[in-house]
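Residue numbers (the numbering used here): 213 to 576.
Read through the structure below, which is laid out as structure tokens, and then see the notes.
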Ligand code: 13P
Ligand code: SF4
């Protein structure tokens, strides 16, 4: 989705790293309790050092929902996360994304028009009241509202299993979007096989499927993916096991199933953090997720060998857009009484998205 972030004034882009540290610290101190900075694990060090709370997308949604004190929530993450924070916070709070171009290419792989069209196509084939729509957190507020309106829920990488269990207890079939890999990996852990899952391609009529497939499938998996996580291949796992005998392989569930199958553990960014913390000194771990988080873990756990599963660098280019100059810019504007880059979800969309997010929070 195209969003426009105006270039920053020279005063920010030309400032040195030390000057930015001083300016962010000063602005933070002036803003005091009215400000909270939330940071996703994939953020750069120059940003994450300022975060009051750090977490995966589920935890950050919880932090936003639970915080009633701060009026200004600066979200160092990507657009869908900031939207969810806006949906979950009160009318006296505003959510600010330091760079409007910090989107998510996976979230952009499903839009509400495509999902509504797909829903109608599925309704023409099978009893739609038995189909439960589930959207991954990595989706627009409009899609969260769609699932809210249609009896579904949101899930994140840390609770996809619980949400799918819930969905299949109330219906016979799930339309899962936009990440086919999270859907497939979760389906396998629930005991479903290849034959129970079909990929729904929104660019083809009837998802590119035969009517029989749509009727028979338990999980219809939207043809979307994360370009960062899809890079990890089973060959990386093999190579890591050769280079570091005994190494533990930990991957994010946005990785393809053939990688997950040969890994030792699969979990959200928060779970990965926990596993690395819990590993004994001297342990070797190869992590299949975004590189900034892996490099930080390696630095924080110098008594362990923590390496990226893919030796070639693998950043999330949109998370990377949030940097110290953008953070300084939004904070100094707040100090001056100007709100820049506020993320606002319209009331109707927010109401239904809140229903879908609320179901997720209640399930988990
Ligand atoms: P987590 O919910 O695990 O933080 O994942 C979010 C994400 O975008 C991973 O690519
Ligand atoms: Fe989106 Fe992938 Fe970046 Fe996560 S790592 S924010 S899924 S593009």
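Where is the CB? At the ideal position from N, CA and C, for every residue including glycine.
DSSP places residue 497 inside the beta strand (DSSP E), whose first and last residues are 496-500. Ranked by Cα distance from residue 528, the options 503, 488, 398, 405 are led by 503. In the DSSP assignment, residue 236 falls within the alpha helix (DSSP H) that extends over 229-243. Under DSSP, residue 460 takes part in a beta bridge, and its partners are 497.
Here the alpha carbons of residue 541 and residue 216 stand approximately 16 Å from one another. With a contact defined as Cβ atoms closer than 8 Å, residue 556 and residue 242 miss out at about 24 Å. Straight-line measurement puts the Cα of residue 349 at about 6 Å from the Cα of residue 367. With respect to the 7 Å criterion, residue 506 and residue 497 are not classified as neighbours on the basis of their beta carbons. For residue 268, the shortest separation between its Cβ and any heavy atom of ligand 1 lies below 6 Å. When secondary structure is reduced to three states using DSSP, residue 309 falls in the coil class, being assigned neither helix nor strand.
At least 7 Å separates the beta-carbon of residue 522 from that of residue 493.
Judged by the Cβ position, residue 350 qualifies as a neighbour of ligand 2 at the 6 Å threshold, a heavy atom of the ligand being closer than this. Neighbourhood of ligand 2, defined by CB distance below 7 Å to any of its heavy atoms: 254, 290, 316, 317, 318, 319, 350, 438, 439, 440, 441, 466, 502, 528, 530, 531, in chain order. Residue pairing of residue 418 in beta bridges, as defined by DSSP: absent, with no partner found. Under the three-state reduction of DSSP, residue 262 is assigned to coil, being neither helix nor strand. Between ligand 1 and residue 481, a heavy atom-to-CB distance of less than 6 Å is present.
Here the distance from the Cβ of residue 369 to the nearest heavy atom of ligand 1 is below 6 Å. DSSP places residue 337 in the coil class of the three-state scheme, outside both helix and strand.
Of the candidates 533, 239, 254, 254 places its Cα closest to the Cα of residue 500.
Going by DSSP, residue 481 is part of the alpha helix (DSSP H) stretching over 481-490. Residue 554 is bridged by DSSP to 308.
Within the DSSP secondary-structure output, residue 409 pairs in a beta bridge with 431. The residues 540, in chain order, have a CB closer than 6 Å to that of residue 235 in the same chain once the five nearest residues on each side in sequence are set aside.
With 16 or more other Cβ atoms from the protein chains shown falling within 10 Å of its own Cβ, residue 566 counts as buried. Look at residue 269 here: in three-state DSSP terms it is helix.
The alpha-carbon separation between residue 543 and residue 313 amounts to approximately 18 Å. With respect to the 7 Å criterion, residue 265 and residue 247 are not classified as neighbours on the basis of their beta carbons.
Among the bridge pairs identified by DSSP, residue 385 is matched with 343. Within the region 272-306, the beta strand (DSSP E) runs of at least 3 residues that lie entirely inside it are, in chain order, 284-288.
One Cα belongs to residue 562, the other to residue 299, and the distance between them is close to 5 Å. If you check the CB distance, residue 277 and residue 287 do not come in under 7 Å. Looking from the CA of residue 429, the closest CA among 332, 399, 373, 378 belongs to 399.
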